[in-house]
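Trainee: This is the structure I have questions about; it appears just below.
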Amino acid sequence: MSDRRIIDEPVVREQIQILRRILQQNIIEDENGIAVENDRKKKPPDLMVSPVDPDARYGAKSVSKKFTGYKANITQEVKSQIITNIEPSRGNRRDGEPTVDLVKSQTAIGLLPSKLIGDSAYGDGVWREALDKHGTKLVAPYKAKTPRTLAVFPKSAFTINRAYNTLKCPAGAVAKPHFYETQKNSYSFHFPQSACGKCKLKPLCTNAREGRRTVRIFDWQEATCESERYNRTDEFKHDMKLRQPIEGKFSEMKRYHGLTRAKYRGLKKVGLQFYFTAAAVNVKRWLHLSFDGAWANAAA
Ligand code: SF4
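Residues in the sequence shown are numbered consecutively from 1066, following this note's numbering.
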């Protein structure tokens, strides 16, 4: 076969496209026309990292724990500890992102949870609202607030009026939105300097240089404010304790069933590995519950 015909083969063309994309994302020409590696911060967020596995991505468990590949997203019933759903996602996808789809797809087989308990990575308001609409309450801690936001009134201290599109502050001043930021799905409310300037609550409300409070209100703000309230209750503390077995399940899947390493390439095949692994640990759990007569306890 001639070189030209080889290049025209679909599979070869696809490989060329992948290599081109990786090169374009990583290599640039400097001012002298010499190829150099692109600055890390200038590389695109969805960086393709492997020509042999185009679905793999760089990911991070923490600042120091980095990896290349995929994430396993699982839901587990708290009493029986049976895995009810598992899906792969690329390593760079945010932890909470697949949550809504996970719950929706298991609902199709009659497993609609009244609550879904996750860690702070799952606590984003957009997912809280989406799950609320679906009939599931998302229980998760907030990401740590900065010293600056901790020092002032939280957003839940403000009253949102969607009908009139206004925001009332704890001192009773009312602001109209300054603008709507489509990319962030939020309105920015700037309280008037005339009100903030003479307000007795100002030391508790803002330390901004311009001398007035600005509040960003997201489309899902009510869901966030409601969970801020819920997260102060004893019920929330109780719920969070129920989450602990899920870490044990991850540990079991990684230590004894090879989930630390993707055996295949591509999301679909990695997904198959995840399904088989989940099935194996579920069978083990089912046997344990059956032979130890523990189903009755799990169902209680
Ligand atoms: S500082 Fe401004 S926004 Fe804050 S409570 Fe006072 S008037 Fe309201």
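A virtual CB, placed ideally from N, CA and C, is assigned to each residue, including glycine.
Return the residue from the list THR1279, ASP1189, HIS1199 that minimises the CA-CA distance to LYS1233.
Mentor: Minimum Cα distance to LYS1233 is reached at THR1279.
Trainee: Alpha carbon to alpha carbon, how far is LYS1169 from ARG1227? Give it in angstroms, no decimals.
Mentor: Using only the alpha carbons, I get a separation of about 28 Å.
Trainee: Can you list, in chain order, the residues of its chain whose CB lies under 8 Å from that of LYS1314, leaving out five sequence neighbours each side?
Mentor: Cβ within range, chain order: ILE1139, GLN1141, GLN1146, ILE1148, VAL1346.
Trainee: Does the distance from the C-beta atom of GLU1250 to that of ASP1284 stay below 8 Å?
Mentor: For the sequence presented, residue 1250 should be read as Asn rather than Glu. Yes.
Trainee: VAL1128 lies in the beta strand (DSSP E); which residues open and close that run?
Mentor: Here VAL1128 belongs to no beta strand (DSSP E), and DSSP marks it neither H nor E.
Trainee: Could you give the residue range of the alpha helix (DSSP H) that holds TYR1340?
Mentor: Unbroken alpha helix (DSSP H) run through TYR1340: 1332-1356.
Trainee: Could you check where the beta strand (DSSP E) with ARG1155 kicks off and where it finishes?
Mentor: Where ARG1155 is concerned, the enclosing beta strand (DSSP E) stretches over 1148-1155.
Trainee: Report back the beta-carbon spacing between ALA1137 and LEU1324 to the nearest angstrom; my notes put them in contact at under 8 Å.
Mentor: Confirmed, about 6 Å.
Trainee: Taking C-beta to C-beta, are PRO1116 and ILE1072 nearer than 8 Å?
Mentor: No, they are not a contact pair.
Trainee: Return yes when at least one heavy atom of the ligand SF4 lies under 7 Å from the C-beta of PRO1216, else no.
Mentor: Reading off the sequence shown, one finds Ala at residue 1216, where the question assumed Pro. The answer is no for ALA1216.
Trainee: The ligand SF4 heavy atoms versus the CB of LEU1196: any closer than 7 Å?
Mentor: Answer for LEU1196: no, Cβ out of range of the ligand SF4.
Trainee: Is there contact here, the region 1150-1160 with the region 1243-1263, by at least three beta-carbon pairs under 8 Å?
Mentor: No, the region 1150-1160 does not touch the region 1243-1263.
Trainee: In whole angstroms, what separates the C-alpha of ALA1100 from that of GLN1089?
Mentor: Roughly 11 Å between the two C-alpha positions.
Trainee: Taking 8 Å as the cut-off, decide whether the C-beta atoms of VAL1335 and ALA1327 are in contact.
Mentor: Contact: yes.
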